[in-house]
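Undergrad:
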Amino acid sequence: MEKFHVSQITTKNALNGLAEEGIVERIRGKGTFVAESDFLKESNPSVMSPEDYSNGIVGLILPSMKTKIEQELVNYIELYASKYKYNLMVKITRESQFEESNAIKTFKELGVKGLIIFPTEKEVYNESILRLSLDKFPFVLIDRYLENIRTYSVSSENEKGTIEVISYLIRKGHQNIGLISPLITNTVTNERSIGFERAFLKNDLVVNKNLWLLLNFNKISIEETPLLIKRFLMSNPDITALFIMNAELARYTNIAVERIKKESAREIEIISFDYSGIEGVSYIQQDIEECSKQTIELLQEQLTGDYRPRRVFVPVKFINELF
Numbered sequence: 001m002e003k004f005h006v007s008q009i010t011t012k013n014a015l016n017g018l019a020e021e022g023i024v025e026r027i028r029g030k031g032t033f034v035a036e037s038d039f040l041k042e043s044n045p046s047v048m049s050p051e052d053y054s055n056g057i058v059g060l061i062l063p064s065m066k067t068k069i070e071q072e073l074v075n076y077i078e079l080y081a082s083k084y085k086y087n088l089m090v091k092i093t094r095e096s097q098f099e100e101s102n103a104i105k106t107f108k109e110l111g112v113k114g115l116i117i118f119p120t121e122k123e124v125y126n127e128s129i130l131r132l133s134l135d136k137f138p139f140v141l142i143d144r145y146l147e148n149i150r151t152y153s154v155s156s157e158n159e160k161g162t163i164e165v166i167s168y169l170i171r172k173g174h175q176n177i178g179l180i181s182p183l184i185t186n187t188v189t190n191e192r193s194i195g196f197e198r199a200f201l202k203n204d205l206v207v208n209k210n211l212w213l214l215l216n217f218n219k220i221s222i223e224e225t226p227l228l229i230k231r232f233l234m235s236n237p238d239i240t241a242l243f244i245m246n247a248e249l250a251r252y253t254n255i256a257v258e259r260i261k262k263e264s265a266r267e268i269e270i271i272s273f274d275y276s277g278i279e280g281v282s283y284i285q286q287d288i289e290e291c292s293k294q295t296i297e298l299l300q301e302q303l304t305g306d307y308r309p310r311r312v313f314v315p316v317k318f319i320n321e322l323f
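Positions 1 to 323 (the numbering used here) are the ones given, in order, by the sequence shown.
1. I'd like to know if the segment 137-150 and the segment 295-310 are in contact, where contact means that at least 3 CB-CB pairs between them fall below 8 Å.
2. Taking all protein chains shown into account, decide if Asp-274 is buried (16 or more other Cβ within 10 angstroms of its Cβ) or exposed.
3. Can you find a C-beta in chain B that's less than 8 Å from the C-beta of Val-90?
4. Going straight from the alpha carbon of Ser-46 to that of Val-58, what length do you get?
5. Along the chain, where does the alpha helix (DSSP H) that runs through Ile-170 open and close?
6. Can you say whether Arg-311 is buried or exposed, counting buried as having 16 or more other CB atoms within 10 angstroms of its CB?
7. For the alpha helix (DSSP H) containing Gln-302, name the first residue and the last one.
8. Check each candidate in Asp-287, Tyr-145, Thr-151 and name the one with the smallest Cα separation from Asp-306.
9. CB-CB under 6 Å to Tyr-53, same chain, minus the five flanking residues each way: which ones, in chain order?
10. Per the contact definition of three or more C-beta pairs closer than 8 Å, is the segment 109-122 in contact with the segment 253-263?
11. Roughly how many angstroms lie between the CA atoms of Asn-249 and Ile-180, to the nearest whole one?
12. Around the Cβ of Arg-94, are there at least 16 other Cβ atoms within 10 angstroms (buried) or fewer (exposed)?
13. Kindly identify the DSSP beta-bridge partner or partners of Leu-60.
The structure is reproduced here in structure tokens:
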């Protein structure tokens, strides 16, 4: 009052006037508080009326947030979820099936309307996901799926994309094509490896699996992996091209190939699934926005009472960095 040079009576009258208008609420023995009045709602658009509330929460479960693909998924899934007035809540499993089950349990306890699950890399049958399917709880698997479980899933055309790039390498004259991949333990790596083999069969060539380097998940690191790949390439001098299962391994492979090139001037062409960020390395580009859009639409389908489990495949694109 001293600061603004007003009397106690003036202040009291002003508060009484605000209370009459419903702008403040006076509670005996506690004080004066701002009330959530119609006046405030009209003057503050961020205060939502009941009809503006969201349709509820959708849970997104991811194995990690370390890859560009995972980061783009969060971005686009949130974008399309918001178009249906859903709020998105995210949990990270850090490639743990135990944490995946906990995330499902937690989200259900929170009353989410539906779930979007990006299964762990080493995914085998998760009883929690199987239970969701048996209960017909609204959910969609993204990127990977569980074989023989009838449910909704969205994934890129892994097999077709791999056939295209391996056939391209064969047309260029490459026959000794190596493959570098994590252990083949999920549907994504399995489909890409099948695509690799089918490209050889289509071109009447025999697949030499001695030229495949499969790496243990726990041993993939910038310290160890380039050395392992270099050793593998040195022991297979006939390899002239490599197909790499993901962007992380493509970066480690490029380190190994550059070291070999400096030592022996040996040229090895690299193609990866997903963009590695390395100039001159061609890659298969996934349409993450379309994957996200399809995922939300399949979830919305279930939430409106239409239950027709199916797999949706989203086309990929070969980006040739050598032209």
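Even glycine gets a Cβ: it sits at the ideal position worked out from N, Cα and C. All figures in this text were calculated on a predicted structure; none of them were measured in a lab.
TA: If we stick to the structure as given:
1. Result yes; three or more Cβ-Cβ pairs closer than 8 Å.
2. The count along the sequence shown starts at 1 and reaches residue 274 at position 274. Buried is the call here.
3. The chain inventory of the structure shown lacks chain B, comprising one protein chain alone.
4. Counting from one through the sequence shown, the residue named residue 46 turns up at place 46. Counting from one through the sequence shown, the residue named residue 58 turns up at place 58. At Ser-46 the pLDDT is 45, less than 50, meaning the model places this residue with poor confidence; the figure from the coordinates comes in the next sentence. The C-alpha of Ser-46 lies about 22 Å from the C-alpha of Val-58.
5. For the purposes of this step, residue 170 is taken as the residue at position 170 of the sequence shown. Per DSSP, the continuous alpha helix (DSSP H) segment holding Ile-170 begins and ends at 158-171.
6. Walking along the sequence shown from the start, residue 311 turns up at place 311. Exposed: under 16 other Cβ atoms inside 10 Å.
7. Looking up residue 302 in the sequence shown gives position 302. Here the alpha helix (DSSP H) through Gln-302 covers 288-303.
8. Translated into positions along the sequence shown, residue 306 becomes position 306. Taking only the C-alpha atoms, the option nearest Asp-306 is Thr-151.
9. As a working note, residue 53 is residue 53 in the sequence shown. Here the model assigns Tyr-53 a pLDDT of 48, short of 50, so the residue's position is not dependable, and the following value carries that caveat. So no residue of the chain qualifies.
10. Segments in contact, no.
11. By one-based count along the sequence shown, residue 249 stands at place 249. By one-based count along the sequence shown, residue 180 stands at place 180. Looking at the sequence shown, residue 249 is not Asn but Leu. Each residue's Cα considered, the two are about 7 Å apart.
12. By one-based count along the sequence shown, residue 94 stands at place 94. It is exposed - the Cβ of Arg-94 has fewer than 16 other Cβ atoms within 10 Å.
13. Numbered from its first residue, the sequence shown carries residue 60 at position 60. Answer by DSSP bridge pairing, in chain order: Val-90, Ile-116.
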